[in-house]
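**Q** Okay, handing you the structure first.
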Amino acid sequence: MLFRFLILVHVCAAFPLKCPEPAQWSLRARSHCPDPSKYFCLKNDLINGYSENCTIFDFLQPGRKNVLRGGLDADICSLDRYQPWPIKFYTNVSTNCIFLKSMCNEEGQVVYVNGNRNIDRSCRCDYTRGYDFLNKPHNPCFCEPSKEDCSCYLKTCPKTTDKLSPDYECHQEDKNLTVPECEAIIHQR
């Protein structure tokens with residue numbers, strides 16, 4: 019009997035609090051709080067973990083999220099998330115900024131602009147490896163994965179000696195006299 023009790027105590031103490039996933043948020047709020055709209059689960063920098071409570075409801079401007087540091091404090095979104103305007107961060111909905119940034123890691127894709135706490139990443143196709151957009155995006159140089167299809171395909175130029183330009187046009191490598199509209203890709207090593 020004592021052995022079962024020790025196992026039960028050990029298992030209960032082995033799991034630190036983790037905030038519920040968005041799909042489970044309202045269920046947890048209803049089971050934990052008399053007024054579910056005041057439920058929050060936020061990162062608590064003082065204990066290097068998470069805390070949940072039923073006392074407040076707050077929101078912040080786009081690009082920021084609430085954290086606990088003695089009291090409520092504003093913190094910017096993590097590098098892999100963003101919170102666009104006019105969407106506000108509500109403490110009773112999530113502990114993270116709502117949107118996960120696009121990865122730009124499908125076949126032939128590279129990051130064009132990394133985005134920031136308010137804006138998603140934008141992607142482009144890697145013309146240096148022969149990739150072009152499957153469907154032309156709104157902007158000819160890059161696409162916004164959260165708004166449009168950014169699929170790339172391996173484009174074959176009519177002449178085997180031709181290469182793709184930054185504008186995704188086939189040109190002879192030494193004889194391209196036009197100034198491209200799109201920036202050249204500079205591979206970092």
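Be aware that the sequence shown starts at 19, since it is given in this note's numbering, and climbs by one per residue.
For each residue, glycine too, the CB sits at the ideal point set by N, CA and C.
If residue 40 and residue 59 are in contact, beta carbons under 8 Å, what's the gap, nearest whole angstrom?
**A** Their Cβ separation, rounded to whole angstroms, is 11 Å, which puts residue 40 and residue 59 out of contact at 8 Å.
**Q** Counting along the chain, where does the alpha helix (DSSP H) carrying residue 156 start and finish?
**A** That residue, residue 156, is in no alpha helix (DSSP H); it is neither H nor E in DSSP.
**Q** May I have the straight-line CA-CA distance separating residue 131 from residue 173, to the nearest angstrom?
**A** Cα to Cα, residue 131 sits roughly 23 Å from residue 173.
**Q** Determine whether the beta carbon atoms of residue 143 and residue 170 lie at a separation below 8 Å.
**A** For residue 143 and residue 170, yes; Cβs fall inside 8 Å.
**Q** Given a threshold of 16 other Cβ atoms within 10 Å of its Cβ, counted over all protein chains shown, does residue 82 qualify as buried or as exposed?
**A** By the 10 Å Cβ count, residue 82 comes out buried.
**Q** Is DSSP giving residue 24 helix, strand or coil here?
**A** The predicted model places residue 24 with a pLDDT of 49, which falls under 50 and marks its position as unreliable; any figure quoted below should be read in that light. In the structure shown, residue 24 sits in a helix (DSSP, three-state: H, G or I).
**Q** With a CB to CB cut of under 6 Å and the five nearest residues on each side skipped, what residues in its chain are close to residue 196?
**A** So the list is empty, once near-sequence residues are dropped.
**Q** Use the C-beta contact count for residue 24: other C-beta atoms within 10 angstroms, 16 or more gives buried, fewer gives exposed.
**A** Bear in mind that a pLDDT of 49 at residue 24, under 50, signals an unreliable position, so the number given afterwards is only what the model happens to contain. Counting Cβ neighbours within 10 Å, residue 24 comes out exposed, since fewer than 16 surround it.
**Q** Cβ atoms of residue 119 and residue 139: under 8 Å apart, would you say?
**A** Yes. Within cutoff.
**Q** Could you check which residue in 150, 165, 161 and 145 has the C-alpha nearest to that of residue 204?
**A** Taking only the C-alpha atoms, the option nearest residue 204 is 145.
**Q** Taking the beta strand (DSSP E) that residue 87 falls in, what are its first and last residues?
**A** Its beta strand (DSSP E) spans residues 82-87.
**Q** How should residue 103 be labelled, buried or exposed, when 16 other C-beta atoms within 10 angstroms of its C-beta is the threshold for buried?
**A** Exposed.
**Q** How should residue 77 be labelled, buried or exposed, when 16 other C-beta atoms within 10 angstroms of its C-beta is the threshold for buried?
**A** That one is exposed.
**Q** Under 7 Å Cβ to Cβ from residue 180, same chain only, skipping five residues before and after it: list those, please.
**A** Excluding residues within five positions, the ones whose Cβ falls inside 7 Å are 188, 189 and 190.
**Q** Residue 125 to residue 149, Cα distance in whole Å?
**A** Between residue 125 and residue 149, the C-alpha separation is close to 9 Å.
**Q** Would DSSP call residue 41 helix, strand or coil?
**A** Three-state result, residue 41: helix.
**Q** Comparing C-alpha positions only, which one of 168, 114 and 115 sits nearest to residue 127?
**A** Residue 127 has its Cα closest to that of 168, out of 168, 114 and 115.
**Q** How would you call residue 10, buried or exposed, if buried means at least 16 neighbouring beta carbons within 10 angstroms?
**A** The structure shown does not extend to residue 10, since the chain spans only 19 to 207, so no value can be given for it.
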